[in-house]
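Peer 1: Each protein sequence line maps, in turn, to chains D and V.
Using our numbering, the letters of the first sequence map in sequence onto residues 1 to 112.
Using our numbering, the letters of the second sequence map in sequence onto residues 1 to 111.
Before anything else, here's the structure in question.
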Amino acid sequence: TAGITQAPTSQILAAGRSMTLRCTQDMRHNAMYWYRQDLGLGLRLIHYSNTAGTTGKGEVPDGYSVSRANTDDFPLTLASAVPSQTSVYFCASSLTEDNEQFFGPGTRLTVL
Amino acid sequence: GENVEQHPSTLSVQEGDSAVIKCTYSDSASNYFPWYKQELGKRPQLIIDIRSNVGEKKDQRIAVTLNKTAKHFSLHITETQPEDSAVYFCAPRNSNYQLIWGAGTKLIIKP
Chain D
1 TAGITQAPTS QILAAGRSMT LRCTQDMRHN AMYWYRQDLG LGLRLIHYSN TAGTTGKGEV
61 PDGYSVSRAN TDDFPLTLAS AVPSQTSVYF CASSLTEDNE QFFGPGTRLT VL
Chain V
1 GENVEQHPST LSVQEGDSAV IKCTYSDSAS NYFPWYKQEL GKRPQLIIDI RSNVGEKKDQ
61 RIAVTLNKTA KHFSLHITET QPEDSAVYFC APRNSNYQLI WGAGTKLIIK P
């Protein structure tokens, strides 16, 4: 069982370009999340989805969009990247929003 | 918005000694209180959690205590070992089922 996977592992992106970070889980979890982690800080929630077909905004949603077309996949899109979006991005999933969250390995994104 | 604070930001203890990290939160509606461990370059992993109807929970060398009245909960690690070296995060869940993360505590175990 793969659990939860993210791609790419790392990426360098020119400012103004678009980028989609991929997240896939095979645990049949209903809820999925995107966080960013900046150096020396805790994680901050960007967007979440409690079930396929629904999404919601977290603490820092500006500049990001998500979709949840099916249970397994939860891609995060940066439409026009800016340097302040340089961060490590973690995807997570949980059986429901009331259960333990499991994290993917992360994507390190650098916007120049 | 919600405020979550962890103390200390760095904790250095001798191997074999105990470590205690405290987390204070502001949302009185919080009802789920997890602690995550993150090793360098790795993903966060849940090590212990507690719900608001319980005051203490223990799992081998790790325990969590909760004081809902004072709005704080603490992580206790006994008989520390080198593999306990990591950054520990508290992340109380708010009434919208969102985890609000502290800034982390770097635990250093001295040999």
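Note that CB positions come from ideal geometry on N, CA and C, so glycine has one too.
Quantities reported herein were computed from a predicted structural model and do not represent experimental measurements.
Candidates D:P75, D:Q101, D:V82, D:D98: which alpha carbon is nearest Q6 of chain D's?
Peer 2: The candidate whose alpha carbon is nearest that of Q6 of chain D is D:P75.
Peer 1: Listing by chain order, which chain D residues have their CB less than 9 Å from the CB of W101 of chain V?
Peer 2: Here the neighbours are Y35, Q37, L41, G42, L43, R44, L45.
Peer 1: Using 10 angstroms around the beta-carbon of Q116 of chain V, count the other beta-carbons present and answer buried if the total reaches 16, otherwise exposed.
Peer 2: Outside the shown range of chain V, which is 1 to 111, sits residue 116 of chain V, and nothing can be said about it.
Peer 1: Comparing the C-beta of R43 of chain V with each C-beta of chain D, is any distance below 9 Å?
Peer 2: Chain D contact via Cβ: present.
Peer 1: At the 9 Å Cβ level, is F102 of chain D part of the contact set with chain V, yes or no?
Peer 2: For F102 of chain D, the answer is yes, since a Cβ of chain V falls inside 9 Å of its Cβ.
Peer 1: So, at 6 Å on beta carbons, what are the nonlocal neighbours of N3 of chain V in its own chain, with the 5 sequence-adjacent residues on each side left out?
Peer 2: Only S26 meet the Cβ criterion.
Peer 1: State the start and end residues of the unbroken beta strand (DSSP E) segment that holds I77 of chain V.
Peer 2: Segment 72-77, the beta strand (DSSP E) holding I77 of chain V.
Peer 1: From this set, V:L40, V:K110, V:T105, V:G16, which residue's C-alpha is nearest S74 of chain V's C-alpha?
Peer 2: Answer by Cα proximity: V:T105.
Peer 1: I need the straight-line Cα distance from K37 of chain V to S85 of chain V, nearest angstrom please.
Peer 2: Computed Cα separation, rounded: 9 Å.
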